[in-house]
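Q: Last residue of the sequence shown: number 290 in my numbering, and the count goes up by one each step with no gaps.
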Amino acid sequence: MGRESNRGKHHALVVEGGAMRGIFSTGVLDAFLEKSFNPFDLFIGVSAGATNIASYLAEMYQRNLKVYTDYSIRPDFISWKKFIRGGHLIDLDWLWQLTVKEIRLDLDKIFQPAKEYYIGVTEVNTGKAVYLKPEKNTLEKVLKASSSIPIFYRHFTKIDGIDFADGGMADPIPVIEAYRRDATSIVVIRSRPYSYQMRKSFFQLLSKVYLRNYPGLINTVMNRPKIYQKSLDFMRHPPKGIRIFEVNPPENFQTKRLTTNLSILKQDYRYGYQMGMELIEQWHQS
């Protein structure tokens, strides 16, 4: 696995992460599945966005809705009690073990025929973004690596001898990567409203303490607002000949990174579903 050059790609799907905020993009992608809408030949996601793409490629309608509104709201997954006692705040080990056993992704469907699907991860030692092309026997491990938010999940995931962490740290919205891979029409499914501007956060302060042995990773965390803004600027002022469709949650979107309120999650899923239907119409009219 590793970075590859992919010439001749035209239509790309890019999905932002955001932990529980991914409920919006799973709504969008379920709308796509319901309408058999898949004009894409390149797929790039990070964190929850990468997992939602996997379910979309597997053509498993509402599979990830069940993950968000059942498995992810159980106290086994998000637990401050565990965290205070030295465990994970977000227990990916528990979630992956159970969902692989009970509602495993259809790996044959994802990889037959082969699709240009990349998962963004952050290399721990350097703090740089890496885009891995998973295979059938590595997909679940790479998805887990891309979702492993440092501090919240206390381990790094080792792949081919290299430690990786959450892909949303180094490249939260990998739209520029899609452009580098020759996409000319790009759908970007966000997990934040259009007006959102990333600011410095308490997480950055925590990172200086908890990640003090990983200066490359700390540097990435501290620069994340600038990286985020660069992606926003690119989407909203793309190069000549590049079409970008930005699909955002509404301004009253309530889901946060650790939301477990079922009514909020279901409402924000419906927002995503509605926006997915609207995007399909917009795509066909453009």
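Heads up, the beta-carbon is just placed ideally off N, CA and C, and yes, glycines get one too.
1) Based on the DSSP output, what are the partners of residue 168 in its beta bridges?
2) For the putative contact between residue 152 and residue 160, defined by C-beta atoms under 8 Å, what is the C-beta separation to the nearest angstrom?
3) Compute the Euclidean distance between the alpha carbons of residue 281 and residue 207, then round it to the nearest angstrom.
4) Are the beta-carbon atoms of residue 51 and residue 172 separated by less than 8 Å?
5) May I ask which residues mark the beginning and end of the beta strand (DSSP E) holding residue 49?
6) Where residue 166 and residue 288 are concerned, what is the direct C-alpha to C-alpha distance, given to the nearest angstrom?
7) Quick one: any contact between the region 131 to 147 and the region 100 to 113, if contact means 3 or more CB pairs under 8 Å?
8) Any idea what DSSP makes of residue 229, helix, strand or coil?
9) By Cβ distance, which residues of its chain are closer than 6 Å to residue 202, with the 5 residues on each side in sequence left out?
10) Check whether the region 75 to 87 and the region 261 to 268 are in contact - that is, three or more C-beta pairs closer than 8 Å.
11) Taking residue 87 as the reference, give the member of 156, 126, 47 with the closest Cα.
12) Let's see if you can read the secondary structure: which residues bound the alpha helix (DSSP H) around residue 183?
13) For residue 250, does the three-state DSSP call read helix, strand or coil?
14) Go through its chain and collect everything with a Cβ distance to residue 268's Cβ below 8 Å, but skip five positions before and after it.
15) Name the DSSP bridge partner or partners of residue 154?
16) Pull up the DSSP beta-bridge partners for residue 189, would you.
17) Give me the residue from 56, 237, 140 with the minimum Cα distance to residue 248.
18) Rounded to a whole number of angstroms, what is the C-alpha to C-alpha distance between residue 99 and residue 219?
19) Rounded C-beta distance between residue 252 and residue 194? I'm assuming under 8 Å.
20) Work out the CA separation of residue 134 and residue 163 for me, nearest whole Å.
21) So the candidates are 44, 67, 56, 176; which of them puts its Cα closest to the Cα of residue 126?
22) Output needed for residue 41: all residues of its chain with C-beta closer than 7 Å, excluding positions within five of it in sequence on either side, in chain order.
23) Have a look at 89, 182, 73 and flag the residue whose alpha-carbon is nearest the alpha-carbon of residue 271.
24) Going by other Cβ atoms of all chains shown within 10 Å of its Cβ, with 16 needed for buried, is residue 174 buried or exposed?
A: So, to answer that:
1) BP columns for residue 168 point to 127, 161.
2) The Cβ separation is near 7 Å, so the contact holds.
3) Answer to the nearest angstrom: the Cα atoms are 35 Å apart.
4) Yes.
5) Its beta strand (DSSP E) spans residues 46 to 50.
6) Between residue 166 and residue 288, the alpha-carbon positions lie close to 42 Å from each other.
7) In this structure the region 131 to 147 touches the region 100 to 113; the number of beta carbon pairs closer than 8 Å is three or more.
8) Residue state, collapsed to three classes: helix.
9) So the qualifying residues of the chain are 229, 232.
10) A contact is defined here as three or more CB-CB pairs under 8 Å, and the region 75 to 87 meets this definition with respect to the region 261 to 268.
11) The shortest Cα separation from residue 87 among 156, 126, 47 belongs to 156.
12) That run of the alpha helix (DSSP H) goes 179 to 184.
13) The answer is strand: DSSP assigns residue 250 an E or B state.
14) Its chain contains 258, 259 as the residues whose beta carbon lies nearer than 8 Å to that of residue 268, once the 5 sequence neighbours on both sides are disregarded; these appear in chain order.
15) Residue 154 is bridged to 157.
16) Note: residue 189 is bridge-paired with 15, 247 in the DSSP secondary-structure output.
17) Of the listed residues, the one whose Cα sits closest to residue 248 is 237.
18) Residue 99 and residue 219 have their C-alpha atoms roughly 29 Å apart.
19) Between residue 252 and residue 194 a beta carbon distance of about 5 Å is seen, short of the 8 Å cut, so the two are scored as contacting.
20) Taking the CA atoms as reference points, residue 163 sits about 12 Å from residue 134.
21) Nearest to residue 126 by alpha-carbon distance, out of 44, 67, 56, 176, is 176.
22) Answer for residue 41: 284, listed in chain order.
23) Looking at the Cα atoms, 73 is the closest of the given residues.
24) Burial is judged here by how many other beta carbons sit within 10 angstroms of a residue's own beta carbon; residue 174 has at least 16 and is buried.
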